[in-house]
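Going letter by letter, the sequence shown gives residues 41 to 282 in the working numbering.
Built from N, CA and C at the ideal position, the CB exists for glycine as well.
Following: one structure in structure tokens, then a few remarks.
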Amino acid sequence: MTTPRRHHRAHPTLRPALGAALLSSTLLSGCAASPADHAATADDVPAATAAAPRTTATPRPDIPFHEQVDYERLPQGFVWNDTTMDLFNPCTDDLVAHYEELGLEIFTYAPVDVDFISDVSWSCIAVDFDRDIGENTQVLGEPISRERILERLPENFLGDATDSWVPGAYYLDYDWTRTQHDNCQIAVDTPRGRVGVTHYGIPDASRRSEHCQLAKTTFEMLFQDEVFLRALYGDNIPLKHR
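Quick look at the structure:
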């Protein structure tokens, strides 16, 4: 199961964080098997898990960093029940301060304990003040892979994000009941877990595509940002050959 661990900079709108706990609980629990039954198998390993080769190229200061990144060579995939994985925390104090520089003012920071695999799901939420009441943008890192979602909650998988330039991105309904009709998440599986952005609003099934586009806008902004990319991938970011 998963349990919210703590909150700070609290804001009345905590539904996205609670939704994370519910979805994580559904995906990560659900069967009373022994730990050995959940050991990683060949079927658990994504097709693309090789780390990107260390680049010796130096970014050029006269060209925007994201234009030099070879996104096709960014490493992808992880084993969802690998307890040794270095899960990415997109909600560190430094990143939260950086998000504010990008226009995302974080109001809720809610790490969620994933008791089933002794890990943490990181979530931080910004309220969209320039939109309707109840509009939120959530940045998260979770030890729940695309394969695990397709196995446990296939109806929540909305399909590949073919409209995004981020390789491997996909859309997800981040509500395990699929009754709220209030969100859309875009995410990608990285060696450090699933990293994604969810956009929430007032429940309205007709706004699904709008939520997806708003989430994609923030997601792609972060994947163009050098600070965010280096926090996620370190210094081993593959650059294009010039």
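Leaving aside the five residues before and after ALA90 along the sequence, list all residues of the same chain whose C-beta is less than 7 Å from its C-beta, in chain order.
In the sequence shown, residue 90 corresponds to position 50, counting from 1. Residue confidence is low: ALA90 scores 45 on pLDDT, short of 50, so the model does not pin down where it sits. Its coordinate-derived value is still stated next. PRO115, listed in sequence order.
Report the residue ranges of all beta strand (DSSP E) runs contained in full by the stretch 207-256; include only those spanning at least 3 residues, in chain order.
The qualifying runs are 210-212, 223-230 and 233-240.
So for LEU135, helix, strand or coil by DSSP?
Within the sequence shown, residue 135 is the residue found at index 95, counting from 1. Helix at LEU135.
Taking the beta carbon of TRP216 as the centre, do at least 16 other beta carbons fall within 10 Å, making it buried, or is it exposed?
For the purposes of this step, residue 216 is taken as the residue at position 176 of the sequence shown. Its Cβ being crowded by 16 or more others within 10 Å, TRP216 is buried.
Among all the DSSP beta bridges, which residues are the ones paired with GLN178?
Walking along the sequence shown from the start, residue 178 turns up at place 138. GLN178 is bridged to ILE165 and THR238.
Can the beta-carbon of GLN220 be found closer than 8 Å to that of ALA255?
Your numbering for residue 220 matches position 180 in the sequence shown. Your numbering for residue 255 matches position 215 in the sequence shown. Result no, Cβ atoms of GLN220 and ALA255 do not sit closer than 8 Å.
Grouping DSSP H, G and I as helix and E and B as strand, with all else coil, what is LEU198?
Counting from 1 along the sequence shown, the entry for residue 198 is found at position 158. Three-state result, LEU198: strand.
Just grab the DSSP bridge partners of VAL109 for me.
Your numbering for residue 109 matches position 69 in the sequence shown. BP columns for VAL109 point to LEU279.
Please report the distance separating the alpha-carbon of SER163 from that of ILE103.
Sequence index remark: in the sequence shown, residue 163 carries index 123 (1-based). Sequence index remark: in the sequence shown, residue 103 carries index 63 (1-based). Those two C-alpha atoms are separated by around 32 Å.
Would you report the Cα separation of VAL267 and GLY143, rounded to the nearest angstrom?
Taking the first residue of the sequence shown as 1, we reach residue 267 at position 227. Taking the first residue of the sequence shown as 1, we reach residue 143 at position 103. When rounded, the distance between both Cα atoms is 14 Å.
GLY174 and PRO130 - do their beta-carbons sit closer together than 8 Å?
For the purposes of this step, residue 130 is taken as residue 90 along the sequence shown, with counting starting at 1. For the purposes of this step, residue 174 is taken as residue 134 along the sequence shown, with counting starting at 1. Not closer than 8 Å, so no.
Which whole-angstrom value describes the C-beta separation of ALA166 and PHE197, a residue pair presumed to lie in contact below a C-beta threshold of 8 Å?
Sequence index remark: in the sequence shown, residue 166 carries index 126 (1-based). Sequence index remark: in the sequence shown, residue 197 carries index 157 (1-based). Not really, about 25 Å apart at Cβ, beyond 8 Å.
For PHE105, I'd like the list of residues in its chain whose CB is within less than 7 Å of its CB, leaving aside the five on either flank, ordered along the chain.
Reading the sequence shown from its first residue, position 65 is the one you call residue 105. Here the set comprises PRO99 and GLU266.
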